[in-house]
Amino acid sequence: MDIIIIKNGDKLDAITPSQRIILKKVIDIGTFHVGVVRDSKTKAHLYWSATGTQITKVTGKIYCKNTSIIKPKNYYSSKTTEYKDLKGRYNLASGSTDSFKIPKSTKKVKVGKMYILQP
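With my numbering, the residue at position 17 of the sequence shown is 909, and numbering never jumps.
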């Protein structure tokens, strides 16, 4: 899942790449990607990467859950405050979660997002 962080007046908003195509006058602040990797038949972990100009902080929530509407199940959900003090030195930050359990029978999952905060 990819999202784009834009400056909208005085605030930052997260939008999808397809939403970015229809917007004319926005300032792209950065992009965020999150994915899932199966470590074994019953374990997985999430990885993420954030890019932008002079990133100062990466914080937010990241999650993994099943795709069921009838029986929703969260496999992983956590707030993260990694990279609290980058001081604008970098244009890339990345990380990954600890392993978590996913049932062997699960074939598809949804992954959640995080926000890039900058000056």
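By construction, the Cβ of each residue, glycine as well, lies at the ideal position given by its N, Cα and C atoms.
Under 8 Å by Cβ, that's how I've got residue i and residue j pegged, so tell me the actual separation to the nearest angstrom.
i, j, result
"K935", "K993", "6 Å"
"K957", "K965", "6 Å"
"L986", "W940", "A small fix is needed here, since residue 986 is Ser in this sequence, not Leu. Contact holds; Cβ gap of about 6 Å."
Using beta-carbon positions only, say whether residue i and residue j come within less than 8 Å of one another.
i, j, result
"V1003", "V950", "no"
"T989", "Y968", "yes"
"V926", "K1005", "yes"
What residue does the beta strand (DSSP E) around residue i start on, and which one ends it?
i, result
"I994", "First-last for I994: undefined, no H or E at that position."
"K957", "949 to 958"
"T972", "966 to 972"
"K1002", "1001 to 1003"
With a 10 Å radius around its C-beta and 16 neighbouring C-beta atoms as the bar for buried, classify residue i as buried or exposed.
i, result
"T945", "exposed"
"I919", "Residue confidence is low: I919 scores 49 on pLDDT, short of 50, so the model does not pin down where it sits. Its coordinate-derived value is still stated next. It is exposed - the Cβ of I919 has fewer than 16 other Cβ atoms within 10 Å."
"L938", "buried"
"I961", "exposed"
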